[in-house]
Amino acid sequence: MNEINKSQITKGQIRVVVYGGNGFVGTHLAKQLAEREVDVVCLSRTGVKPVHLQDQAWSEKVKWCKGDASQPNTKFLESVDSIVCLVGSPPLPTFSKAAWEAQFFQNGTTNSHALDAAASAGVKRAVLLGAKVTFPLNTDRFAYFQGKRLAREAAKRFADHSEQQSAVVVEPGVIFGKRHLRSGSSVPLHLLSPLSGLIPGFLMDVNRLASRLADEALNFEPRQDFQRISNSDI
Ligand SMILES: NC(=O)c1ccc[n+]([C@@H]2O[C@H](COP(=O)([O-])OP(=O)(O)OC[C@H]3O[C@@H](n4cnc5c(N)ncnc54)[C@H](OP(=O)(O)O)[C@@H]3O)[C@@H](O)[C@H]2O)c1
13 MNEINKSQIT KGQIRVVVYG GNGFVGTHLA KQLAEREVDV VCLSRTGVKP
63 VHLQDQAWSE KVKWCKGDAS QPNTKFLESV DSIVCLVGSP PLPTFSKAAW
113 EAQFFQNGTT NSHALDAAAS AGVKRAVLLG AKVTFPLNTD RFAYFQGKRL
163 AREAAKRFAD HSEQQSAVVV EPGVIFGKRH LRSGSSVPLH LLSPLSGLIP
213 GFLMDVNRLA SRLADEALNF EPRQDFQRIS NSDI
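Residue numbers (our numbering): 13 to 246.
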């Protein structure tokens, strides 16, 4: 399915679009939003609902559609109230120019294009998932760091676009919880959970994060036009 067609538009409901909505954080967020009776559209390049959600009743309430954040459909975004940008890659080292550029593109350009298009389309609220990047990775030599900054600057532009628009960047540490592979099998990242008390400010439970992202996506009257939320404040 390509982004969304007119017959799928539910009148009177708040519509939240989640770029990268079929991923680890995205699926947990989609569940939170679906349970709040919001019209949720999860966009990704493949557009498919993940295999492990096939028998989950809540996932039927979500629209799983194709939509590339780097080439956003501004016309479609005109029907959207809130946008959440979750596209990104892990902070892996890059050993070639092509790999550096791919990581920068994935973390920066994609989200930046989606946020700029959403600002022009009049979307009211933007939520960007950034990351806590600490020493020695917080350097311009690191594509992940530069990409996250490019996306954050786009979130700030979104907030500055008009008085009716606001944006927040949520910056967690390493996220743990049940992650599923494309095949449907799970990776037990929830085993990291006991460590979260031992290394406070470094780990984040995906359920807690998803709940906060949902709150922020539906927060149309924030106290600040632009805000950054650190791992410890999530
Ligand atoms: N996981 C962590 O520990 C962690 C920690 C801090 C920050 N973060 C950040 O959190 C975000 C989400 O992480 P995650 O672990 O949920 O990632 P993920 O599981 O890889 O999910 C990202 C999803 O984005 C989709 N996607 C990729 N390129 C896209 C594009 N151009 N347009 C639309 N969708 C696209 C992918 O699906 P398709 O292939 O179908 O497009 C993928 O399912 C990332 O920005 C990451 O850097 C993650």
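Glycine included, every Cβ here is placed at the ideal spot set by N, Cα and C. Predicted, not measured: the structure shown is a model, and the values here were computed from it.
- prompt: Candidates Asn85, Ala171, Leu193 and Asn119: which alpha carbon is nearest Lys160's?
  reply: Asn119
- prompt: Just how far apart, CA to CA, sit Gly38 and Thr151?
  reply: 27 Å
message: If I measure Cβ to Cβ from Lys73 and keep anything under 6 Å in the same chain, skipping five residues before and after, which residues do I get?
response: Ala46
message: Can you give me the C-alpha to C-alpha distance between Leu98 and Gln25, rounded to a whole angstrom?
response: 22 Å
- prompt: Using the rule of at least 16 other Cβ atoms within 10 Å of the residue's Cβ for burial, across every protein chain shown, is Phe107 buried or exposed?
  reply: exposed
- request: Determine the direct distance from the alpha carbon of Gln236 to that of Glu183, and round the result to whole angstroms.
  value: 17 Å
message: Using only CA atoms, which one of Leu104, Thr121 and Ala126 lies nearest to Lys87?
response: Ala126
The segment 26 to 33 touching the segment 48 to 65, judged by at least three CB pairs closer than 8 Å: yes
When Gln239, Asp245, Gly134 and Phe214 are compared against Ser223, the one with the closest alpha-carbon: Asp245
beta-carbon Leu41 near ligand 1 non-hydrogen atom, thresh 6 Å: no
- request: Assuming Ala42 contacts Pro84 (C-beta within less than 8 Å), just tell me the rounded distance between them.
  value: 19 Å between Cβ atoms; not a contact.
- prompt: What number of angstroms, rounded off, separates the C-alpha of His64 from the C-alpha of Gln44?
  reply: 16 Å
- request: Check Ser124 in the structure and name its three-state DSSP category.
  value: helix
query: Can you list the beta strand (DSSP E) stretches of 3 or more residues lying completely in the segment 137 to 202, in chain order?
result: 137 to 141, 178 to 183, 186 to 188, 190 to 192 and 198 to 200
task: Express the C-alpha separation of Glu233 and Asp172 in angstroms, rounding to a whole number.
output: 15 Å
message: Below 8 Å on the Cβ atoms is my contact criterion, and I expect Ile167 with Ala138 to pass it. Report the Cβ-Cβ distance as a whole number of Å.
response: Note that residue 167 is Ala in the sequence shown, not Ile. 6 Å between Cβ atoms; contact.
- request: Examine ligand 1 and report whether any of its heavy atoms sits within less than 6 Å of the Cβ of Pro105.
  value: no
- prompt: Tell me the DSSP bridge mates of Trp70?
  reply: None, per the DSSP bridge assignment.
task: Enumerate in chain order the residues of its own chain whose CB-to-CB distance from Glu228 is below 7 Å, with the five nearest sequence positions on each side excluded.
output: Val139, Val180 and Val182
query: Which residues does DSSP pair with Ser242 in a beta bridge?
result: Glu183
field: Backbone CA spacing between Leu89 and Leu104 [nearest angstrom]
entry: 32 Å
message: Considering only their Cβ atoms, is the gap separating Gly185 from Lys136 smaller than 7 Å?
response: no
Best match in Lys75, Ala69 and Leu162 for proximity to Gly32 [C-alpha to C-alpha]: Lys75
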